[in-house]
Structure formats: C-alpha cells, structure tokens
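Engineer: Dropping a structure here in structure tokens format, bear with me for questions.
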Amino acid sequence: LETLPDEVEGLERAFLESEYPPTREGLLGHCHADKTHDALARLDRIVAPTLITCGEQDVQVPRRYGREVARRIAGARFHLFRGRRASHLTCLEKPDVFNKVSLDFLAEVAS
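In my numbering, the protein residues as written are 1 to 111.
Next up, the structure:
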C-alpha cells in the first residue's frame, strides 16, 4: 500500500466506480462475516480437488490461514505466491502466474 500508492488508488477507484459498487451495508456485512464465520470444522467434508492459494504479502488473510484450510481438506494443494506484488489480490497483482498455477491445477485434476 505504501510502495505503490497510485496503483492501489487505481484499484480502489475501479472497484468503487464499477457497475456494482459496494454498498455500506454490504461492506459492513463482509466485515461481520470475516469476524464471525468459522467453517474450519466442516472443511473435512470437501471431497473435490482443491487448490488453496495465498500471497506471502497478504496482511488481510495470513498464509497460516491458507495452510490450515489446506491441511483440513484431504488431498488439497497449497500454493504460496511470492514477491512484493503477492498480497490479497494476487489474481490482479500477478495475473499471469496466478492463471498458470490455476490452469495447471485444473489440467492435472481433469486428467
């Protein structure tokens, strides 16, 4: 946020000016869900091939959360995106790498 303020501002502006900008109620609901929703005890019910990804610079959802989710889903794969542009929005920050990891995983589980 501090090293790329113009890019952060651009992402925020695009988000707020999108066709469906967030509402106050929606943002508050999202924050409430972040604080209160806990599905860890049910993750062992997932039987589909699962890829858990996170960025090493993500301060909103630390990598330990992703590792714990992957540990609780049988056969899940965990991928940590590395680098200064690997935070909460890795799909936007590193789209080529994110797409390759995702598509490689899908190709592997489809065969």
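Each residue gets a CB set at the ideal place from its N, CA and C atoms; glycine is no exception.
#1: Mapping DSSP to helix, strand and coil, what is residue 82?
#2: Looking only at its chain, what residues have a beta carbon closer than 6 Å to the beta carbon of residue 53, apart from the 5 residues adjacent to it on each side?
#3: Cα separation between residue 87 and residue 36?
#4: Excluding the 5 residues flanking residue 82 on each side, which residues of the same chain have their C-beta closer than 7 Å to its C-beta?
#5: By alpha-carbon positions, which one of 51, 25, 75 ends up nearest to residue 105?
#6: Could you tell me if residue 74 is buried or exposed, where buried requires 16 or more neighbouring beta carbons within 10 angstroms of its beta carbon?
#7: Let me know the beta strand (DSSP E) ranges lying completely inside the segment 15-93, each 3 residues or longer, listed in chain order.
#8: Label residue 69 either buried or exposed according to how many other C-beta atoms from any shown protein chain fall within 10 Å of its C-beta, with 16 as the threshold for buried.
#9: For residue 106, does the three-state DSSP call read helix, strand or coil?
#10: Is DSSP giving residue 4 helix, strand or coil here?
#11: Taking the beta carbon of residue 90 as the centre, do at least 16 other beta carbons fall within 10 Å, making it buried, or is it exposed?
Structural biologist: If we stick to the structure as given:
#1: DSSP places residue 82 in the coil class of the three-state scheme, outside both helix and strand.
#2: The residues are 79.
#3: Straight-line Cα distance between these residues: approximately 23 Å.
#4: 56.
#5: When only C-alpha atoms are compared, the closest one is 51.
#6: Answer is exposed; the Cβ neighbour count stays below 16.
#7: Contiguous beta strand (DSSP E) elements confined to the segment 15-93 occur at 51-55, 77-81, taking only those with 3 or more residues.
#8: So residue 69 ends up on the buried side.
#9: Residue 106: helix per DSSP, three-state reduction.
#10: Correct three-state label for residue 4: coil.
#11: Buried, by the Cβ-count rule.
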